[in-house]
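Asker: Protein chains in written order, with numbering that gives the first Met the number 0: chain A, 0 to 442; chain B, 0 to 442; chain C, 0 to 442.
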Amino acid sequence: MMLDRVFKAEGNEGGSLVQPLDMMTLLRTLFPLPRSLTGDGVRATLQALRQHISVEIHEVATGTEVFDWEVPREWNIRAATIKAKDGRVLVDFADNNLHVVGYSVPVRGTFSLMELAAHVHTLPDQPDAIPYRTSYYAPNWGFCLPHSLWTAMQDEAYEVEIDSALVDGSLTYGEFFIPGDTEQEILISVHVCHPSLANDNLSGIVVATALARYFLAQPARRFGLRLLFLPATIGAITWLATNEARLDRIVHGLVLTCAGDDGPFHYKKTVNGAVVDLAAEHVLRHSGHAYQMLEFSPYGYDERQYGSPGIALPVGCLMRAIHGTFPEYHTSLDNCDFVTPQALDQSFRLLVDLLVTLQRNAIYCRVDGRGEPQLGRRGLYRAIAGQKEAGGASQMDLLWVLNQCDGSRSLLDIAERAGVPFSRIRAAADLCLDAELIREVRQ
Amino acid sequence: MMLDRVFKAEGNEGGSLVQPLDMMTLLRTLFPLPRSLTGDGVRATLQALRQHISVEIHEVATGTEVFDWEVPREWNIRAATIKAKDGRVLVDFADNNLHVVGYSVPVRGTFSLMELAAHVHTLPDQPDAIPYRTSYYAPNWGFCLPHSLWTAMQDEAYEVEIDSALVDGSLTYGEFFIPGDTEQEILISVHVCHPSLANDNLSGIVVATALARYFLAQPARRFGLRLLFLPATIGAITWLATNEARLDRIVHGLVLTCAGDDGPFHYKKTVNGAVVDLAAEHVLRHSGHAYQMLEFSPYGYDERQYGSPGIALPVGCLMRAIHGTFPEYHTSLDNCDFVTPQALDQSFRLLVDLLVTLQRNAIYCRVDGRGEPQLGRRGLYRAIAGQKEAGGASQMDLLWVLNQCDGSRSLLDIAERAGVPFSRIRAAADLCLDAELIREVRQ
Amino acid sequence: MMLDRVFKAEGNEGGSLVQPLDMMTLLRTLFPLPRSLTGDGVRATLQALRQHISVEIHEVATGTEVFDWEVPREWNIRAATIKAKDGRVLVDFADNNLHVVGYSVPVRGTFSLMELAAHVHTLPDQPDAIPYRTSYYAPNWGFCLPHSLWTAMQDEAYEVEIDSALVDGSLTYGEFFIPGDTEQEILISVHVCHPSLANDNLSGIVVATALARYFLAQPARRFGLRLLFLPATIGAITWLATNEARLDRIVHGLVLTCAGDDGPFHYKKTVNGAVVDLAAEHVLRHSGHAYQMLEFSPYGYDERQYGSPGIALPVGCLMRAIHGTFPEYHTSLDNCDFVTPQALDQSFRLLVDLLVTLQRNAIYCRVDGRGEPQLGRRGLYRAIAGQKEAGGASQMDLLWVLNQCDGSRSLLDIAERAGVPFSRIRAAADLCLDAELIREVRQ
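1) Excluding the 5 residues preceding and the 5 following C/R376 in the sequence, name in chain order all residues of the same chain whose CB lies nearer than 8 Å to its CB.
2) Looking only at DSSP bridge pairs, what is C/A240 linked to?
3) Does chain B have any CB closer than 9 Å to the CB of A/P420?
4) When burial is assigned at 16 or more other CB atoms within 10 Å of the CB, is B/R34 buried or exposed?
5) Kindly give me the distance between the Cβ atoms of A/T171 and A/V41, rounded to whole angstroms, as I take these residues to be in contact under 8 Å.
6) My output table needs one value for A/F264: the three-state DSSP class, helix, strand or coil.
7) Return the chain-ordered list of same chain residues with a C-beta closer than 7 Å to the C-beta of A/R425, the five sequence neighbours on each side being excluded.
8) What does the alpha-carbon distance come out to for the pair B/L215 and B/I177?
9) If you run the structure through DSSP and keep just helix, strand and coil, what is C/L397?
10) Assuming A/W74 is part of the beta strand (DSSP E), what are its boundary residues?
11) Quick one: does the C-beta of B/Y266 sit closer than 8 Å to a heavy atom of the ligand HEM?
12) Using a beta-carbon distance below 9 Å, is C/Q403 in contact with chain A?
13) By the 10 Å Cβ neighbour count, where 16 or more other Cβ atoms means buried, how is B/P420 classified, buried or exposed?
14) Taking 9 Å as the CB-CB limit, is A/E243 close to chain C?
15) Rounding to the nearest angstrom, what Cα-Cα distance links C/S195 and C/A209 in this structure?
16) C/H281 to A/L45, Cα distance in whole Å?
17) Cutting at 6 Å between CB atoms, please list the residues of its own chain near C/R438, excluding the five before and the five after it.
18) Determine the chain B residues that contact C/Y136 at a beta-carbon separation under 9 Å, and present them in chain order.
19) In or out: B/M113 buried (at least 16 other Cβ within 10 Å) or exposed?
20) Since C/L255 contacts C/G179 with CB under 8 Å, what's their CB separation in whole angstroms?
21) Are there 16 or more other CB atoms within 10 angstroms of the CB of A/Q341, so buried, or fewer, so exposed?
22) What whole-angstrom Cβ distance do B/G299 and B/H322 have, given they're in contact under 8 Å?
23) Based on the DSSP secondary-structure assignment, which residues constitute the bridge partners of A/A60?
24) Take the Cβ of A/S188 as the centre, count every other Cβ of all protein chains shown within 10 Å, and call the residue buried at 16 or more, exposed below.
25) Considering just the uninterrupted stretch of the beta strand (DSSP E) at C/Y451, what are its terminal residues?
26) From B/V104 to B/W140, what does the alpha carbon distance come to, in whole angstroms?
27) Report all residues from its chain with a CB closer than 6 Å to the CB of B/V205; omit the five preceding and five following residues, and keep chain order.
28) In its own chain, which residues sit with a C-beta less than 6 Å from the C-beta of A/G173, not counting the 5 before and 5 after it?
29) Provide the residue(s) that pair with B/L25 in DSSP beta bridges, ordered along the chain.
30) Since A/Y300 is in the beta strand (DSSP E), which residue starts that stretch and which ends it?
31) Who are the Cβ neighbours of B/D433 in its own chain at under 7 Å, not counting the five residues just before and after it?
32) Determine the direct distance from the alpha carbon of B/L226 to that of B/Q373, and round the result to whole angstroms.
33) For a contact defined as C-beta to C-beta under 7 Å, what are the partners of A/D367 on chain D?
34) Please say whether C/Q291 and C/Y266 have beta carbons closer to each other than 9 Å?
35) What residues from the region 221–252 of chain A come within 9 Å of chain B, judged by C-beta to C-beta, listed N to C?
36) I need the boundaries of the beta strand (DSSP E) containing A/Y213, first residue and last residue.
If you want it as structure tokens, here you go:
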């Protein structure tokens, strides 16, 4: 019974939540680290997170078979420049790690403008932005630069150097687990393979870290909370392959990305429908924020892997801006100015609300469901009156719980039917538990 | 097979139904009786009904345990007045039994205006109306009076007397049963605890009585018809507790209230969905009256008790005006002028229609469903042609029945799919029964 | 595995389909033949079809019991005229076989204008059109003529002759079957009992014949394709009665009628819902043609018999104009000018699309569904890129198939969820089959 109460003191209606982490400062710290699918940039990122939560860092060797894939070679880069013949440095990886195509093989030499052109990526429609490009599985090299700079480069030849290494090594990912009172878990997955891109997905990384700090501070919880900090696709596949026997512990899950822009929220539903979809829509509807529910599609983030046919975990995806649809997406404009502390804070609070809803949702039945109980002699009318003044459960909430708890409906189902926030039905259920009018039905 | 025909001669399309009872006269007779949760007012009401139907009067002793409750003490009141010091009677229970708060404890003495104020209830927004107030479970006393009278009372002190008794006795309720050809029953429940309030719920009482008279005059019926005349909440709980072993006989049910005002009909659905919901919507849609379907909520009338988790009977609620939403509600304005004979008659006819629909709904299957039968050699084309001229079943109705009777759909389902009134599909099914083209599937 | 490929080369997006039959010429050939419920007109029609497909002609003797019916007597007519007293032929069956009421008994004699009037049918609202009338089951005779002609007939008496015979004989119907690789079949049913009416239903007959020619030219198919050319009602009942033991082979079916007018398409759903309904709506939605889905009703064509309770085959009805709702319906205006080659061609292409969709729809599951497969090393990205340029399957189609093939969903279900034409998902599935990423789940 105590399990049902651990979040009771917290409330989940925002207003007084103290952020356990300065998310914006952490985001700025992580921004310049040269992340990629593998390599020291990912390691440095995870080490930085360890200032806040004790992330476990896993290394999986190149060549390891993971389902249909193999862990790729590890890529690291020390420096990269394009210099004019007079020695002026025109493009420098040290300025912005988007300048080099991810997984570029080493190169050094003099290239004609025509030769260089085959290795240069720009955005003619956004002439001052650097694009983000990778070539993970085809050996190649390239530079990304503002179109305005490229059109000004009229010399016949340039000195080019990419001091990178693509060698057997390992794939690195982070994992952090807060145990619950049951063996069941909620999964939060964020990708850590993008270099200097703030919204996609440093925002997801810092909000996930803040959530971990927040729930660590709670005395207990029903479900364990598992956070994964992974390179996209191959990272999720690697984790799934190495944890396949334990996947049935995951009862709810979320991929978290683009949590830092000021746009409306978007929740993309799980592939087969799940309670997390219902909970997300419920929390969003009562949040006061603009939002849109998106149907599942097989393109996007790692919900594709978690929702693949043989895995079929109930993992949705929460985001604000949608990949590919905002001008800053995968360009140098997705920088620390594009992300706001207010947006990160809203995302954090919304996720606390959603996770508390998932943690505290349960199915009850009336101990004696034959008619309404006499509330007066149990002091429940008084309790209600008092709580009503405090904005808590009203008499209707109590009647909803007493009428609907028949062992078939969860509190979230009841909140949806009653049209009120989950927290109110939860509070009413707590009163009924105290009065021994309902008991939990374990499924 | 005969069971299927008992209502055949009746039709349920209104127009020629003779009312078996002068509902308005009965309502006026019942109006002044001092009803409350218990006591002689309820007994007098049930005795008055016995002029029309032989209601069985049950007495359940104070202190009897009924589920989570106990039957309360019995309350009776002989007289109550507020007098000016000069002896003028300002407020007299004999004028209107709303003047005294229900379950007021006895009191006699001189009270200052200030002291009296703590025991006076008025409606400042409706200065000429007397409110209806009770204090069933907290010992108290009080008077209800028009705000206009109260503001005119400027004397320093008043003589107050409530000659009431709150003692061990019994709770009284009435029950009337018309047997059917099966053990299954339809339940109609009305509350009898409100004093001089005409729409809420003398209208329900008189319409229920008229329905009983009407169906008594029919030769037979599939389901028994059980009418309950109960004090709200504690009465329903008492009946449920004392009839628990037989509740599975109830296959359809209705709480009936506020049946006498001129407003649109409202049907509040059962807690878990039931055939009565479908039938009510069907009958209302084809009635020509304005109506609205209401979702279930756990506040209202005794559908709360019938629909509580451990009981879960399929009991909806039919009403015209909705409790709490019309100005006359729970005031002296809900008097005999607020109720009209036309409205009572419409409610009665609609309920006859609904009850006939529930009684005559059944599931059939084609005796030989392989293709359409040859109707011509059975004279069914002739029969159809004849009936069509009389406004009865058309050829399409017959085709619907012959095509849809596959043992899975009821006639009501077929009427809904065909988009025609139940009575037409029923008539077509009767022709098919006569021709031995369909047979009933007992479930 | 080969079964899945047989339609692969075909595509079903129209544009380059060569019609295997000059439908308009066949329709003009069939138009004057004196079809009726039975008789030589039906035989001549089926013989004419045998110029194109080897229709098997069945004869079922008068008096044969078929379910609730008996095969009627056979009707043939050699000639019929109304002559003026001066010998002028005013009405001649040789001019239009609608002139005589179907199943008219023989008659010869002089009739006064008044006597003749009882046997004359006209359309006052369409004074130049000849109506179509029959009297199959009541012995009678009659003439159908333009109202303008009838009002001009002012002589006192006329010479009337109908040289017909109504004798024991047989009911004639045609059947044509193209075997499939399984025992399961798709049924196409058209009625052949209407005399000189072009849209209703020579259009259905010629489109069905063209479909047979088209699918005969294909190397293989999953389901057999069975075409029935039947007199309406009694023909369908006769076929069902004589094939009852084999009906469970029918997995999809269509009644085809009114396929030659220029109006929008209408698809009337099967009585209990079926895959053919989903497929028809899918194909219509992606066809670019105007269309409307109609709910099942028990009036119409032989879908009534196929969908009767004890038969319950999944047979819908595809038509353009709806019986009874267009002015040419059942009049001499439903002639060869009312039908256009363009409309017949559209209907033919749409039905090819629908039948290919039904044939090639199947359920697959991922061979290893744990995560997305690595497409690059299988050349699937290249394959996709190439196909995309050719307008074929895009990368999204491939991702949909790889994500959704979990053994529970058909390719049609996936196409509906993805919002793309079936042919694209089918093409993506073929790529996945080639790469051994999915395998079929037989049900």
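All C-beta atoms, glycine included, are put in the ideal place defined by N, C-alpha and C.
Answerer: The structure says:
1) none
2) For C/A240, which the question treats as bridged, DSSP gives no partner whatsoever.
3) no
4) buried
5) 5 Å
6) strand
7) R359, L410
8) 7 Å
9) helix
10) 73–82
11) Among the components modelled here there is no ligand, and therefore nothing to report on the ligand HEM.
12) yes
13) buried
14) yes
15) 20 Å
16) 49 Å
17) V366
18) Q373, G375, R376
19) exposed
20) 19 Å between Cβ atoms; not a contact.
21) exposed
22) 7 Å
23) A/S169
24) buried
25) Here chain C comprises residues numbered 0 to 442, so residue 451 of chain C is not present and cannot be evaluated.
26) 5 Å
27) M22, L25, L26
28) L45, V54, I56, F228
29) Answer is none; B/L25 lacks a bridge partner.
30) Taken as a continuous stretch (DSSP letters only), A/Y300 belongs to no beta strand (DSSP E), as it is neither H nor E.
31) none
32) 45 Å
33) The structure shown contains no chain D; its protein chains are A, B and C.
34) yes
35) none
36) Premise fails: A/Y213 lies in the alpha helix (DSSP H), 203–215, not in any beta strand (DSSP E).
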